[in-house]
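Some notes on the structure that comes next.
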Amino acid sequence: MSTLEGAAPPTGGPEARPASTTSATATVNGPEARGGAAPGLPSDRASALLASMTLEEKTAQLVGYWLDQNGVVAPMQGEMAAAPDGTLPEITRHGIGQFTRVYGTRPVEPDERAAWLWTEQRRLKRETRLGIPALVHEECLTGLAAWKAATFPTPLAWGAAFDPELVEQVGAVIGRSMRQLGIHQGLAPVLDVVRDPRWGRVDECIGEDPYLVGTVGTAYVRGLQGAGVDATLKHFLGYSASQAGRNHAPVHAGARELSDVFLPPFAMALLDGGARSVMNSYAEIDGVPVAANVDLLTGVLRDQLGFDGTVVADYFSVAFLEVMHGIAADRGEAAAMALTAGIDVELPTGDAYLAPLVDRVRTGIVDEALVDRAVLRVLRQKERLGLLDPAVFEDDAPTGIDLDTAEHRDLARRLAAESLVLLSNDGVLPLRGRDAATASADAGPQTSVAVIGPNAHRPEALQGCYSFANHVLATHPDLPLGFAIPTVLEALQQTLGEAISSAVGCAVEGDDRSRIPAAVAAARDADVAVVVVGDQAGLFGRGTVGEGNDTASLDLPGVQRELVEAVVATGTPTVMVLLTGRPYAIGWALDGPGPRPSAVVQAFFPGEGGGLAIADLLTGAAEPSGRLPVSLPRAAGAQPYTYLHPRLGGPSDVTAADSTPVRPFGFGLSYTSFAYEDLGVDDAVTTDGTFTATVTVRNAGSRDGADVVQLYGHDVHASVTRPVVQLLGYARVEVPAGESRRVCFTVPVQRFAFSGRDLRRVVEPGDVQVWVASHAAASRPGGPLDSGGIVAVGDAAVAAPVAGSATDRAVLRVTGPVHEIGLADPRVVTWTAD
């Protein structure tokens with residue numbers, strides 16, 4: 042029952058347009074309900090510029106130019122990228138809207154490229170009639186995607202950390218790096234909600250819960266934009282629901298799913314985070330490509346949510362209306378469709394929005410007012426970013442640029458540490474080493490460790506698809522990374538010294554088993570084996586996960602499972618560390634009948650500090666505190682799956698298929714233990730009110746630790762089917778050993794809102810259940826049909842329940858008339874801990 046989140050709407054509103062009649066999403070009260078904010082008006086300077094422009098100058102502001110467009114960093118780039126039509130001064134004679142990835146398309150020295158950019162911007166000011174510089178955009182999902190720039194954990198790791206404040210700090214340091222280089226817009230964050238782990242782009246997503254995605258994604262937006270770089274929300278809308286997890290495949294989501302699952306994170310980032318740009322999805326929804334969907338890009342985004350920023354096209358998506366979707370006869374018709382729908386800027390280059398669009402305007406097929414609408418939005422953005430100021434780029438270009446400072450490295454390591462999820466542990470962890478927190482003079486001899494596996498000693502294995510290393514540098518194998526990234530092996534060597542041995546065992550992909558015997562021998566000679574397996578991120582078939590790397594199987598790639606099982610068979614206690622960009626079906630390692638690893642650690646591409654963070658966790662120098670932002674699947678055939686399912690969305694007596702995840706959303710172990718006590722919830726709340734839920738979190742163990750306190754809810758009876766369990770809010774709380782914290786959640790009842798039968802978003806009166814639990818499946822039974830929020834029918838033959846702790850369920854009475862949600866309603870859960 043995620044809501045259109047956000048307590049503070051933007052000050053601007055949409056251009057005048059009749060209210061959308063779209064059936065694609067539910068409706069909420071429009072901009073007039075947001076406290077009477079006046080629509081955003083263009084400044085005199087932007088309006089005067091627009092009035093003085095020729096048609097060619099206008100369309101030039103609506104396109105990008107890709108200086109180094111011969112790489113392979115976008116879908117169908119080789120087929121779509123046109124050869125440059127003349128020199129750069131000739132191409133930009135009417136001006137240019139954006140420069141595409143001047144730092145991030147190929148390896149360039151930051152100082153040298155900054156000098157080029159400053160010179161080129163001055164040329165645009167001097168030689169074009171209107172003197173408008175270009176806006177510069179770059180990818181920045183896991184840090185600025187440029188050579189020698191810091192690489193942070195992938196967004197799945199952001200979700201696993203459950204720490205929006207830390208993610209905001211990461212966004213801020215990324216933004217400062219970008220701003221000093223003259224970059225104005227970052228193509229992040231990705232707010233797609235995970236529905237199917239077979240999709241290759243799961244590593245770019247934050248999680249499967251819309252509220253988690255929205256709160257964490259909004260924090261990143263605040264950080265990036267606080268540093269002066271416009272965030273771009275991707276991919277509006279429904280992209281992650283593609284059929285069978287296949288990239289660009291059709292989306293069959295209904296109106297309610299779009300509204301209640303996919304829209305809330307975008308609404309939060311826009312209304313609460315003030316995001317200034319949005320990128321469309323490549324997908325088609327019910328036969329209509331989003332790039333041509335006026336109901337979504339104008340009706341929902343602008344009329345309903347009041348967005349007045351720029352909408353930029355995902356790369357080549359305007360042309361795709363012709364060449365892939367087949368709904369436009371030529372580029373001119375594609376331009377007309379996209380511009381009418383609400384796409385302001387064509388990226389990465391000018392194609393449909395240049396000559397084809399000009400021809401359509403001149404022949405009267407396209408109203409020039411549509412061009413003016415988009416140009417005005419672009420000029421307002423450039424004015425706000427300072428690009429219309431006379432002094433811009435008249436200073437000296439930066440030199441001595443350091444994109445991987447101590448601050449970058451510290452934040453990267455902290456976020457990596459908080460994101461690591463301990464999935465199982467029979468007591469083998471933490472290891473005993475000279476720097477381990479548990480080491481002491483009488484602790485006995487140091488543990489010898491064999492570090493094994495294809496991901497143990499590869500820096501690339503720590504980084505996601507949109508890292509520069511895996512996105513671009515993979516096609517430049519002779520060039521170094523540009524800064525140090527300690528691998529898991531190197532980090533453990535720093536901690537355990539001579540107690541470490543190593544063996545590769547196998548590659549990430551392929552069926553070569555020839556090196557497994559050497560790995561088995563290394564394991565036999567050690568006290569403990571650490572086997573590091575998982576993914577290699579990459580693009581379009583280069584790697585096992587990432588954009589274009591969808592999969593039909595959720596087994597570990599290659600022969601990695603065989604490697605793990607061979608090491609386990611030696612009898613040496615074995616720790617399996619997963620460096621992946623998606624959750625895999627690893628039930629054999631957690632609950633299987635045969636010998637299993639003694640411990641399993643899940644790391645979602647933890648970035649440049651990931652190796653050190655993993656070593657800290659394994660040796661006990663740091664406490665495990667990450668929680669799963671996605672369910673661990675049982676099998677590929679059970680997908681798509683979400684914990685937010687109604688009763689018959691889970692296993693039951695009417696189906697032989699068991700979709701129960703191996704480990705549920707929110708799951709994660711620690712080296713200590715936490716108990717939840719004395720839950721207090723208000724007795725009643727009105728349908729437009731706020732209630733409190735208070736719980737004591739007690740650290741019952743002997744080690745200090747951090748817990749992610751998860752507040753869940755369930756609507757007992759509603760006019761449409763509702764999830765058996767729903768995350769209402771969460772709090773990451775530090776609790777010293779033997780101590781307690783009293784956590785108080787303040788919850789707007791709109792967290793229980795949903796799209797009713799008429800697709801209006803409402804809160805209905807009636808009883809709801811509220812409880813605190815360690816994960817989505819942890820609950821004390823509340824009735825014969827309730828077995829913890831995962832199993833739909835109590836008599837079903839399903840997998841054994843996963844251990845966890847929870848309070849009893851409190852019943853909260855929601856009173857009053859049905860309340861229709863408006864954008865001014867507060868929806869963000871706040872918390873305190875005493």
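When you read off a place in the sequence shown, starting at 1, and then add 41, the result is the number in this note's numbering. Don't be surprised by glycine CBs; every beta carbon is placed ideally from N, CA and C.
Check                                                                                                                    : Outcome
Cβ distance (whole Å) where residue 273 is taken to contact residue 318 below 8 Å                                        : 4 Å
Rounded C-alpha distance that separates residue 140 from residue 90                                                      : 20 Å
Residue burial classification, residue 77 (beta-carbon count within 10 angstroms, cutoff 16)                             : Caution applies to residue 77, whose pLDDT of 28 falls short of 50 and renders its modelled position unreliable; the value that the coordinates give is listed next. Exposed is the call here.
6 Å Cβ shell around residue 673 - same chain, five flanking residues per side excluded                                   : 624, 702, 703, 704
Integer Cβ distance of residue 541 from residue 533, believed to fall under 8 Å                                          : 6 Å
Three-state class that DSSP yields for residue 808 in the structure shown                                                : strand
With 16 other Cβ atoms within 10 Å as the buried cut-off, status of residue 780                                          : exposed
Residue 271 burial status per 10 Å Cβ neighbour count (16 or more: buried)                                               : buried
Distance, residue 845 Cα to residue 901 Cα                                                                               : Since the first and last residues shown for the chain are 42 and 875, residue 901 lies out of range.
Identity of the residues DSSP links to residue 721 by a beta bridge                                                      : 735
9 Å Cβ cutoff met for residue 877 and residue 869                                                                        : The structure shown has nothing for residue 877, since the chain only spans 42 to 875.
Reduced DSSP secondary structure (H/G/I, E/B, other) of residue 824                                                      : Any answer about residue 824 is weak, because its pLDDT of 38 lies below 50 and its placement is not dependable; what the coordinates show is given next. Correct three-state label for residue 824: strand.
Own chain partners of residue 856 with C-beta closer than 6 Å, once the 5 adjacent residues on each side are dropped     : 725, 727, 806
Separation of residue 782 from residue 546, as counted between CA atoms                                                  : 46 Å
Where residue 64 falls: helix, strand or coil (DSSP)                                                                     : Since pLDDT at residue 64 reaches only 34, below the 50 mark, its modelled position is unreliable, and no value is offered.
Simplified DSSP state of residue 783, which is helix, strand or coil                                                     : strand
Beta strand (DSSP E) runs contained entirely in the region 291-342, provided each spans 3 or more residues               : 318-321
The region 365-380 contacting the region 388-399, beta-carbon criterion three pairs below 8 Å                            : yes
Short Cβ contact (9 Å threshold) for residue 667 with residue 713                                                        : no
Start-to-end residues for the alpha helix (DSSP H) that takes in residue 266                                             : 251-267
Coil, strand or helix - residue 493 by DSSP                                                                              : strand
Nonlocal neighbours in the same chain, by C-beta distance under 7 Å from residue 154, ignoring five residues either side : 143, 144
Distance, residue 188 Cα to residue 441 Cα                                                                               : 14 Å
Start and end residues, beta strand (DSSP E) containing residue 853                                                      : 851-856
Whole-Å CB distance - residue 338 paired with residue 307, under 8 Å assumed                                             : Rounded, the Cβ-Cβ distance is 12 Å, inconsistent with contact.
Burial state of residue 649 (16 or more Cβ within 10 Å)                                                                  : buried
Assumed close pair residue 249, residue 683 - CB separation to whole angstroms, cut-off 8 Å                              : 5 Å
Residue from 311, 378, 859 with nearest C-alpha to residue 345                                                           : 311
Residue 275 (DSSP reduced to helix, strand or coil)                                                                      : strand
Paired residues, beta bridge with residue 747 - DSSP                                                                     : 775
Boundaries (first-last residue) of the beta strand (DSSP E) holding residue 140                                          : 139-141
Per DSSP, cross-strand counterpart(s) of residue 715                                                                     : 740
Residue span of the beta strand (DSSP E) that contains residue 872, given as start and end                               : 871-874
Per-residue burial, residue 798 [other beta carbons within 10 Å of its own, 16 or more giving buried]                    : exposed
Of the residues 772, 687, 710, the one placed nearest residue 766, counting alpha carbons only                           : 687
Cutoff 6 Å; reference residue 491; Cβ partners in own chain excluding five residues on either side                       : 542, 563, 564, 567, 570
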